[in-house]
Amino acid sequence: MHVPSAPEELLALLTLRFTPGLGPRRTESLRAHFGSAHAALRAPRSELRGVPGLDIRSLAAIGTPKAAEQAGAELAEAARLGVTLLGRGLDGYPPALDALEDAPAVLWVLGDLPDLPVVPRAVGIVGTRAASPHAVSLTRTVAADLARAGVVVVSGLARGVDTAAHGAAVEAGGLSVGVLGSAVNVIYPRENERLAERLTLISEYPLGTGPAQHHFPTRNRLIAALSAGTLVVEGERKSGSLITATHALECGRTVFAVPGRAGDPRAAGPHALIRDGAVLTESAADILTEFGWGSVPQQPALNLPSEQAQVLAAINAPTTLDDLQARARLPLADVQTALVMLQLAGLVEEVGGRWSRR
1 MHVPSAPEEL
11 LALLTLRFTP
21 GLGPRRTESL
31 RAHFGSAHAA
41 LRAPRSELRG
51 VPGLDIRSLA
61 AIGTPKAAEQ
71 AGAELAEAAR
81 LGVTLLGRGL
91 DGYPPALDAL
101 EDAPAVLWVL
111 GDLPDLPVVP
121 RAVGIVGTRA
131 ASPHAVSLTR
141 TVAADLARAG
151 VVVVSGLARG
161 VDTAAHGAAV
171 EAGGLSVGVL
181 GSAVNVIYPR
191 ENERLAERLT
201 LISEYPLGTG
211 PAQHHFPTRN
221 RLIAALSAGT
231 LVVEGERKSG
241 SLITATHALE
251 CGRTVFAVPG
261 RAGDPRAAGP
271 HALIRDGAVL
281 TESAADILTE
291 FGWGSVPQQP
301 ALNLPSEQAQ
311 VLAAINAPTT
321 LDDLQARARL
331 PLADVQTALV
341 MLQLAGLVEE
351 VGGRWSRR
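Structure (structure tokens):
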């Protein structure tokens, strides 16, 4: 019996990926039945008929030259662009995806993929694209604290919560993985192209594939599986964030949710999750405690002028200027001057009239 080399098996998996009518489940059925994708492509039609789940159309498509040609061209283009292809069952493919019944046969990866074992030290952070200023600020704080605690932050590179999570994680010196609903060489939305350069990008779509509405609910299962838990910051009852949370539960992962204001449609999703047993989450400490991952490392003491130090110490959550003045117990003019200096130093930011740490 011929044991295929890794390049042979990857080419075979990619050929099956380009074969019409074969999704992840059918491809895995073929691989499991014959022991490898390489063997499945060389199996006689009589033996292929014995594979569960295959219909007449998919049977007829297996082994056609067009799929093999597409696979070969894709490998060449990936090498040219510096994109790594990972095949299921081969070294480098993240074990965390074994939690899925329909894990992709092939993953496209741009960047250095962190270790993502069966239970990864990673957290997915998701939420609405039309996030409130408070949600953006809280997301940034949680993502930065998780990154400083050595947790990989996983999200979908969408506007709003996703962008805030990725940005804060890499700014804190951590690792962040963007799971795309397009190819790794087609960044959507376009304004996140520069941010994407700082992330490791993953996709199950071939090079050149543009974003499509039906891609995004599908990619959410990858965010869920690649993470030990998923945090939903904001989202309506019927939203992509809730789809991700559902996938997380199906993978046996933990769901976390941030409470919001009563009556706010963006809080409806998290509130429903909390009622159903999600972990109520207000900070990274809630997540780290749930998993027994320790605590957020203390940041080195900053040598700041006394007024700036007082103002910074008073910001322990997104805060209005009036509340900040009351906490810092300084004249308003001194608080405003301190905020300007802290903002220039990259230590604080203002979002929607509230100040928070960066």
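Just so it is clear: in the sequence shown, position 184 is 184 by UniProt numbering, and no numbers are missing. Don't be surprised by glycine CBs; every beta carbon is placed ideally from N, CA and C. Keep in mind it's a predicted model, so treat the numbers as computed, not measured.
Helix, strand or coil for residue i per DSSP?
| i | result |
| --- | --- |
| residue 256 | strand |
| residue 262 | coil |
| residue 106 | strand |
| residue 72 | helix |
| residue 15 | helix |
| residue 233 | coil |
| residue 126 | strand |
| residue 279 | strand |
| residue 46 | helix |
| residue 240 | helix |
| residue 58 | helix |
| residue 87 | strand |
| residue 356 | strand |
| residue 218 | helix |
| residue 137 | helix |
| residue 27 | helix |
| residue 246 | helix |
| residue 40 | helix |
| residue 80 | helix |
| residue 101 | coil |
| residue 65 | helix |
| residue 10 | helix |
| residue 269 | helix |
| residue 116 | coil |
| residue 226 | coil |
| residue 22 | coil |
| residue 284 | helix |
| residue 33 | helix |
Mind checking whether residue i and residue j have CB atoms under 8 Å apart?
| i | j | result |
| --- | --- | --- |
| residue 192 | residue 157 | yes |
| residue 161 | residue 126 | yes |
| residue 224 | residue 124 | yes |
| residue 226 | residue 104 | no |
| residue 83 | residue 207 | yes |
| residue 48 | residue 15 | no |
| residue 183 | residue 176 | no |
| residue 178 | residue 155 | yes |
| residue 81 | residue 185 | yes |
| residue 130 | residue 164 | no |
| residue 266 | residue 46 | no |
| residue 293 | residue 122 | no |
| residue 287 | residue 249 | no |
To the nearest whole angstrom, what separates the beta carbons of residue i and residue j, a pair I think is in contact under 8 Å?
| i | j | result |
| --- | --- | --- |
| residue 335 | residue 344 | In fact, because the Cβ distance is near 15 Å, the residues do not count as touching under 8 Å. |
| residue 310 | residue 328 | 5 Å |
| residue 258 | residue 296 | About 17 Å separates the two Cβ atoms, so there is no contact after all. |
| residue 147 | residue 117 | With a Cβ gap of about 19 Å, residue 147 and residue 117 do not count as contacting. |
| residue 86 | residue 59 | Their Cβ separation, rounded to whole angstroms, is 27 Å, which puts residue 86 and residue 59 out of contact at 8 Å. |
| residue 111 | residue 200 | 4 Å |
| residue 260 | residue 241 | Not confirmed; about 12 Å, so no contact. |
| residue 346 | residue 358 | 6 Å |
Among the candidates the options, whose CA atom is the shortest distance from the CA of residue i?
| i | options | result |
| --- | --- | --- |
| residue 263 | 51, 351, 235 | 235 |
| residue 75 | 8, 120, 155, 197 | 8 |
| residue 11 | 38, 27, 30 | 38 |
| residue 24 | 205, 256, 355, 241 | 205 |
| residue 35 | 45, 51, 20 | 51 |
| residue 20 | 275, 303, 71 | 71 |
| residue 151 | 166, 135, 137 | 166 |
| residue 290 | 304, 228, 187, 174 | 228 |
| residue 43 | 73, 66, 2 | 2 |
| residue 354 | 93, 138, 65 | 138 |
| residue 145 | 132, 174, 321 | 174 |
| residue 101 | 54, 348, 27 | 27 |
| residue 92 | 77, 319, 115 | 115 |
| residue 352 | 136, 261, 211 | 136 |
| residue 350 | 305, 326, 321 | 321 |
| residue 254 | 172, 99, 133, 128 | 99 |
| residue 214 | 194, 285, 202, 239 | 239 |
| residue 217 | 244, 141, 209, 237 | 244 |
| residue 31 | 252, 77, 4, 203 | 4 |
| residue 18 | 348, 190, 69 | 69 |
| residue 284 | 94, 140, 22 | 140 |
| residue 159 | 171, 134, 188 | 188 |
| residue 237 | 314, 275, 29 | 275 |
| residue 319 | 128, 73, 134, 94 | 134 |
| residue 330 | 316, 306, 65 | 306 |
| residue 198 | 88, 209, 113 | 113 |
| residue 195 | 211, 209, 171 | 171 |
CB of residue i to nearest heavy atom of the ligand ZN: below 7 Å?
| i | result |
| --- | --- |
| residue 100 | This structure does not include the ligand ZN; it has no bound ligands of any sort. |
Quiz item: In chain order, which continuous runs of the beta strand (DSSP E) of length 3 or greater are located wholly inside the stretch 140–211?
Solution: Counting only runs of at least 3 residues, the stretch 140–211 fully encloses the following beta strand (DSSP E) elements, listed from N- to C-terminal order: 152–155, 176–179, 200–203.
Practice problem: Any chance you could list the alpha helix (DSSP H) runs of at least 4 consecutive residues sitting entirely within the stretch 298–352, in chain order? | Solution: List check, alpha helix (DSSP H) in window: 306–313, 321–328, 332–344.
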